[in-house]
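Asker: This is the structure I have questions about; it appears just below.
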Amino acid sequence: MKYLSRLKPNQLKDKICLLRLDLNIEDEKKDNFRLQSILPTIKFLTNRGAKVIILSHRGRPQKTKNLKLKTKNCSLKPYVKILSQLLKKPVRFIKNLNMPNILTSDVNILENLRFSVGEERNDKQFAKKLASLGDFYVNDAFAVCHRENASVAVITQFLPSYAGLLLEKEIKNLDSVMKGFKRPLIVILGGAKVSDKIGLINNFLGKADYFLIGGAIANTFFASQGLPVGDSLYEPNISNILTSDVDRLILPVDLVIHQRKILDIGPETIKNYQKIIKKAKTLIWNGPMGMFEDKRFVKGTTAIAAAILKNKKAKIIIGGGETTAALLKDKNYKLKTNVFVSTGGGAMLEYLAGKKLPGIEALKRLA
Ligand code: ADP
Ligand code: MG
369 MKYLSRLKPN QLKDKICLLR LDLNIEDEKK DNFRLQSILP TIKFLTNRGA
419 KVIILSHRGR PQKTKNLKLK TKNCSLKPYV KILSQLLKKP VRFIKNLNMP
469 NILTSDVNIL ENLRFSVGEE RNDKQFAKKL ASLGDFYVND AFAVCHRENA
519 SVAVITQFLP SYAGLLLEKE IKNLDSVMKG FKRPLIVILG GAKVSDKIGL
569 INNFLGKADY FLIGGAIANT FFASQGLPVG DSLYEPNISN ILTSDVDRLI
619 LPVDLVIHQR KILDIGPETI KNYQKIIKKA KTLIWNGPMG MFEDKRFVKG
669 TTAIAAAILK NKKAKIIIGG GETTAALLKD KNYKLKTNVF VSTGGGAMLE
719 YLAGKKLPGI EALKRLA
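Under the working numbering, the first residue of the sequence shown carries the number 369, and numbering increases by one thereafter.
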């Protein structure tokens, strides 16, 4: 794989870069973490005299019955203002691919790629048309690397292609817990669904010293053991996940229950988990310990986050949309260099499951 970070200024000057970013951010005014994470690559390029055309999708524009595209809240136009403020530079909007290709600004944003059907079909002709806008391509959208879409996958057939600064950081950090990691390796798993995370569980079953389980995932584990879970959120049709390696899968010993629902881990469980977290040399955390959006059930998640961040020796990887939101809510958290917060979400889960991601494979094929 080729990395943007290795390119010399003279390889970038006066060139046009097609830069795939992830601007699929639900609340662009609040999610500062993901916005900040894309700025270094834009600056790297423009500081070296390249012009940038940002490619991204946003939301799921859908065809209505009369084949009109429902585009409400899907336009990338709001990012013109947001990015120009963050970059302190004018940013221009390119409404469609047929607009004349004269770039008057250093930074340009092409409208939502999913307004064209070719994007999600990984369509060659569409990718070729995109490629004709620039001199080279940079993928800095780790969060969409698991999608076989034109701007992520097939586009690398048409232009010299590189991994951006954020993608490089994601790959290096995630690789560091996949092999050559220090023990004990602790995986903390919570959140909504086991089925989203089963790949990660399977990949780490043979590697992790302990899995600490919380969130609705714990409910599914309880139910699979035949324990009653009342009206709790759980997945009924997942069986046999717990039958192997039970001694390394640690489940809550007490719970916060409200209206027949298990909604958080209890104080004894927090203590148990804190002890184990303290000893970790490598740690992966995905998924909140409870329904943290409700203040009454946030304690488990906050306590586990604090315990994790207290461990200054371990290599720590944290990821997942809600997990990151829960972590970054508390402004007092200062993330140390031993902590990496992934922007990956679903892509991170697939990467940690050991799967090959189309976006990364597409960059490798050309190396
Ligand atoms: P992430 O996005 O970090 O990977 P998930 O999407 O798997 O996390 O799960 C996050 C959601 O799980 C949160 O909205 C949270 O409210 C919910 N959740 C966690 N524990 C419970 C529980 N015990 N009951 C109901 N919902 C829960
Ligand atoms: Mg989620």
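Using N, Cα and C, we set each Cβ at its ideal position, and we do this for glycine too. Remember, predicted model here, so these are calculated numbers, not experimental data.
1. Let me know the alpha helix (DSSP H) ranges lying completely inside the segment 519 to 574, each 4 residues or longer, listed in chain order.
2. Quick one: what's T711 bridged to in DSSP?
3. Which partner residues of F621 appear in the DSSP bridge assignment?
4. Give the DSSP-derived three-state secondary structure of V512 in the structure shown.
5. How close, in whole Å, do the beta carbons of K565 and N654 come, if the pair is a contact with beta carbons under 8 Å?
6. For A735 and L403, I'd like the C-alpha separation in whole angstroms.
7. For the 8 Å Cβ check, are there 3 or more pairs between the segment 662 to 682 and the segment 594 to 602?
8. Is E690 near ligand 2 - that is, is its Cβ less than 7 Å away from at least one heavy atom of it?
9. Along the chain, where does the alpha helix (DSSP H) containing F590 start, and where does it finish?
10. Around the C-beta of K732, are 16 or more other C-beta atoms found within 10 angstroms, so that it is buried, or is it exposed?
11. In angstroms with no decimal places, state the Cα-to-Cα distance between V483 and C442.
12. I'd like to check one pair, V621 with I585: are the Cβ atoms closer than 8 Å?
13. Check each candidate in D399, K419 and L651 and name the one with the smallest Cα separation from D382.
14. Using a 10 Å radius around the Cβ and a threshold of 16 neighbouring Cβ atoms, would you call P656 buried or exposed?
15. If you run the structure through DSSP and keep just helix, strand and coil, what is Q627?
16. Rounded to whole angstroms, what's the CA-CA distance from Q379 to L696? Just pull it up for me.
17. Helix, strand or coil for C385? Go by DSSP, reduced to three states.
18. Around the C-beta of L386, are 16 or more other C-beta atoms found within 10 angstroms, so that it is buried, or is it exposed?
19. Taking K456 as the reference, which of M467, S473, I539 and K445 has the closest Cα?
20. Could you check whether the Cβ of A584 sits closer than 7 Å to any heavy atom belonging to ligand 4?
21. State the DSSP-derived secondary structure class of Y719, mapped to helix, strand or coil.
22. What separation, rounded to the nearest whole angstrom, lies between the Cα atoms of L725 and M369?
23. Please state whether DSSP places G727 in a helix, a strand or coil.
24. Who are T507's beta bridge partners in DSSP?
25. Rounded to a whole number of angstroms, what is the C-alpha to C-alpha distance between R692 and L444?
26. State buried or exposed for I470, treating a residue as buried only when at least 16 other CB atoms are found within 10 Å of its CB.
27. Taking only three categories from DSSP, how would you classify T691?
28. Terminal residues of the continuous beta strand (DSSP E) containing K419?
29. Can E487 and N517 be called in contact, C-beta distance under 8 Å?
30. Could you give the first and the last residue of the continuous beta strand (DSSP E) run that contains I462?
31. Is M659 near ligand 1, with its Cβ less than 7 Å from a heavy atom?
32. Determine the contact status of F549 and K683, defining contact as a CB-CB distance below 8 Å.
33. Whose C-beta lies closer than 6 Å to the C-beta of L580 among residues of the same chain, with five residues either side of it excluded?
34. When the distance is taken between beta carbons, is C513 closer than 8 Å to A715?
35. Cα-Cα, which of F461, P552, G689 and S500 is closest to I644?
Answerer: Checking against the coordinates, here is how it stands:
1. The qualifying runs are 533 to 546 and 566 to 573.
2. Answer is none; T711 lacks a bridge partner.
3. Per the sequence presented here, residue 621 reads as Val, with Phe not at that position. Answer is none; V621 lacks a bridge partner.
4. DSSP places V512 in helix when its eight states are reduced to three.
5. Sure, about 7 Å apart at Cβ, within 8 Å.
6. Note on A735: pLDDT 48, under 50, position unreliable in the model; the coordinate value appears next. The alpha-carbon atoms of A735 and L403 are separated by roughly 29 Å.
7. Here the segment 662 to 682 does not lie against the segment 594 to 602, with fewer than 3 beta-carbon pairs under 8 Å apart.
8. Yes, since a heavy atom of ligand 2 falls inside the 7 Å radius drawn around the Cβ of E690.
9. For F590, the enclosing alpha helix (DSSP H) begins and ends at G583 to S592.
10. Answer is exposed; the Cβ neighbour count stays below 16.
11. Correcting the residue identity first, residue 483 is Phe in this sequence and not Val. About 9 Å.
12. Contact check for I585 against V621 fails: the beta carbons are separated by 8 Å or more.
13. For the options D399, K419 and L651, the alpha carbon positioned closest to that of D382 is the one of K419.
14. Residue environment analysis places P656 among the buried positions, since at least 16 neighbouring C-beta atoms fall within 10 angstroms of its C-beta.
15. Reduced to three states, the DSSP call for Q627 is coil.
16. Distance between the alpha carbons of Q379 and L696: 37 Å.
17. Three-state DSSP puts C385 in a strand.
18. Classification for L386: buried.
19. Ranking the options by Cα distance to K456, first place goes to S473.
20. For the structure depicted, ligand 4 is absent and the ligand set comprises only ligand 1 and ligand 2.
21. Correct three-state label for Y719: helix.
22. Taking the straight line from one Cα to the other gives about 13 Å.
23. G727 sits in a helix when the DSSP states are folded into three classes.
24. In the sequence under discussion, the amino acid at residue 507 is Asn, which differs from the Thr named in the question. For N507, the beta-bridge partners assigned by DSSP are R388 and A531.
25. In the sequence as displayed, the identity of residue 692 is Thr instead of Arg. Approximately 23 Å, taken between the alpha carbons.
26. The residue in question, I470, is exposed, as its Cβ has fewer than 16 Cβ neighbours within 10 Å.
27. Of the three classes helix, strand and coil, the one that applies to T691 here is helix, per DSSP.
28. Its beta strand (DSSP E) spans residues K419 to L423.
29. Annotated as proximal: E487 and N517, with beta-carbon spacing under 8 Å.
30. Segment V459 to I462, the beta strand (DSSP E) holding I462.
31. The nearest non-hydrogen atom of ligand 1 is less than 7 Å from the C-beta of M659.
32. Yes, the Cβ-Cβ distance between F549 and K683 is below 8 Å.
33. Counting only Cβ-Cβ distances below 6 Å, and skipping sequence neighbours, we find I556, I618 and Y641.
34. Yes, the Cβ-Cβ distance between A715 and C513 is below 8 Å.
35. Comparing alpha carbon positions, the residue from F461, P552, G689 and S500 closest to I644 is P552.
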